[in-house]
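J.: Numbering (my numbering), first residue to last: 86 to 483. From the three backbone atoms N, C-alpha and C, an ideal C-beta is built for every residue, glycine too. These figures come from a predicted structure and were not determined experimentally.
1. Going by the beta-carbon positions, is the gap between residue 204 and residue 181 smaller than 9 Å?
2. Short of 8 Å in beta carbon distance, which residues of its chain neighbour residue 300, apart from the five on each side in sequence? Order them along the chain.
3. Is it buried or exposed for residue 219, if we count other Cβ within 10 angstroms and need 16 for buried?
4. Excluding the five sequence neighbours on either side, which residues of its own chain have a C-beta within less than 8 Å of the C-beta of residue 430, listed in chain order?
5. From residue 313 to residue 107, what does the alpha carbon distance come to, in whole angstroms?
6. Residue 410: buried (16+ other C-beta within 10 angstroms of its C-beta) or exposed?
7. Less than 9 Å between the beta carbons of residue 421 and residue 439, yes or no?
8. Do the segment 328-342 and the segment 360-374 meet, that is, are 3 or more Cβ pairs less than 8 Å apart?
9. Residue 87 and residue 282: beta carbons closer than 9 Å?
10. Considering just the uninterrupted stretch of the alpha helix (DSSP H) at residue 117, what are its terminal residues?
11. Expressed to the nearest angstrom, what Euclidean distance is found between the alpha-carbon atoms of residue 444 and residue 135?
12. Nearest-angstrom Cα distance between residue 262 and residue 243?
13. With DSSP run on the structure shown, which of helix, strand or coil describes residue 368?
14. Give me the Cα-Cα distance between residue 156 and residue 452, rounded to the nearest whole angstrom.
15. Taking the alpha-carbon of residue 237 as reference, which of 258, 214 and 250 has the nearest alpha-carbon?
16. Report, in whole angstroms, the separation of the C-beta atoms of residue 245 and residue 280, which I expect to be a contact under 8 Å.
17. Within 10 Å of its beta-carbon, does residue 358 have 16 or more other beta-carbons around it, so buried, or fewer, so exposed?
18. For residue 151 and residue 251, I'd like the C-alpha separation in whole angstroms.
19. Counting only the same chain and skipping the five closest in sequence on each side, list residues whose C-beta sits under 8 Å from that of residue 172.
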């Protein structure tokens with residue numbers, strides 16, 4: 086998926102703008118990881134019919150969704166997939182309808198939709214596609230379209246991207262924290278880069294160089310208690326998704342609970358991650374869970390800013406870890422953590438990004454699974470400098 090690579094180029098740009106709902110600087114990363122999961126599903130399924138493409142989009146994004154922005158993106162893709170499922174091909178009208186369905190699906194997944202976020206840009210850009218289509222199909226049919234022809238999908242996509250850019254610029258007027266920080270919404274920008282990547286593919290454009298990030302909006306915010314970003318993926322769930330949603334709701338905010346095919350994916354910001362995970366585990370088989378201390382994430386960003394003005398360390402460590410306790414222990418020791426484990430292997434690029442971020446000449450990498458050991462051994466291929474890497478073959482599953 087060219088669009089996945091396009092967003093990948095812009096990950097740090099999106100991360101640098103991330104201040105809502107908390108300034109933890111991972112929106113671009115989470116959206117990119119979600120799209121990578123979709124790409125893996127498409128490669129694994131090798132779909133030949135539109136219904137198979139639709140399932141890969143919906144299923145892959147649900148299982149691979151990361152963070153608040155990733156779960157919302159997965160629901161945009163679910164609505165899109167449900168809309169195209171019965172088609173043999175997607176024409177201009179089908180694309181417009183699918184984008185509108187994606188917007189409806191995303192809004193339905195969020196208990197308390199907030200305007201000025203990705204939701205607004207998804208909705209307004211989809212509406213612009215519908216308006217464009219209506220305007221160019223009025224009256225005389227094909228003659229009313231651009232260049233004397235009926236609209237094709239790329240025409241609709243251009244209108245959607247153009248309107249999305251305008252909508253993005255208005256997000257600070259709708260969400261005060263964005264105006265305070267002097268930024269547009271990060272998730273909305275990530276979504277626009279996804280659409281922009283699709284458009285660039287059809288226009289046969291090359292990937293651009295990564296934009297230079299000169300400041301991170303998170304620098305403006307003082308350290309404070311943000312709680313724990315908690316995610317879970319349940320399998321073999323028998324109850325309706327609404328039952329799990331009602332169970333989780335009292336535990337915190339930024340709540341998203343979505344499901345399909347017996348799976349339920351949940352995301353919430355809470356002060357009681359262990360109690361929450363214990364409660365939901367009684368309703369299915371826990372495939373994966375993740376707890377991140379958002380205060381520590383913000384502190385790491387501030388520390389990175391300070392480190393940028395200091396001499397780089399001679400040595401540092403990167404560990405792949407899963408679970409709140411182990412992750413926190415590593416971070417307390419100054420180790421850069423990459424989330425992952427037995428059922429959630431990080432990519433070579435994920436580990437390489439962590440190695441780059443520590444800025445040290447000598448880096449020890451500690452994988453926690455045999456599959457991740459192989460990925461870690463390939464990291465040096467992505468590092469053009471003379472950094473010394475030492476791989477410690479850890480397979481304890483920490």
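T.: According to the data block:
1. In this structure, residue 181 does not lie closer than 9 Å to residue 204 by Cβ.
2. 101, listed in sequence order.
3. Classification of residue 219: exposed, given that the 10 Å Cβ count is below 16.
4. Cβ within range, chain order: 454, 456, 457 and 460.
5. Each residue's alpha carbon lies about 11 Å from the other.
6. Exposed, by the Cβ-count rule.
7. The Cβ-Cβ distance between residue 421 and residue 439 falls below 9 Å.
8. Contact check between the segment 328-342 and the segment 360-374: three or more CB pairs, one atom from each, fall below 8 Å, which counts as touching.
9. The answer is yes: Cβ separation under 9 Å.
10. Residue 117 -> alpha helix (DSSP H) spans 112-130.
11. A direct Cα-to-Cα measurement between residue 444 and residue 135 gives close to 45 Å.
12. A straight line joining the alpha-carbon of residue 262 with that of residue 243 spans about 30 Å.
13. Residue state, collapsed to three classes: coil.
14. Using only the alpha carbons, I get a separation of about 26 Å.
15. Out of 258, 214 and 250, the CA that lies nearest to the CA of residue 237 is found in 214.
16. Correct: roughly 6 Å between the Cβ atoms.
17. By the neighbour-count definition (other C-beta atoms within 10 Å, threshold 16), residue 358 is a buried residue.
18. Going by C-alpha positions, residue 151 is about 27 Å away from residue 251.
19. Shown here for residue 172: same chain residues with a beta carbon closer than 8 Å to its own, the five before and five after excluded, namely 135 and 179 in chain order.
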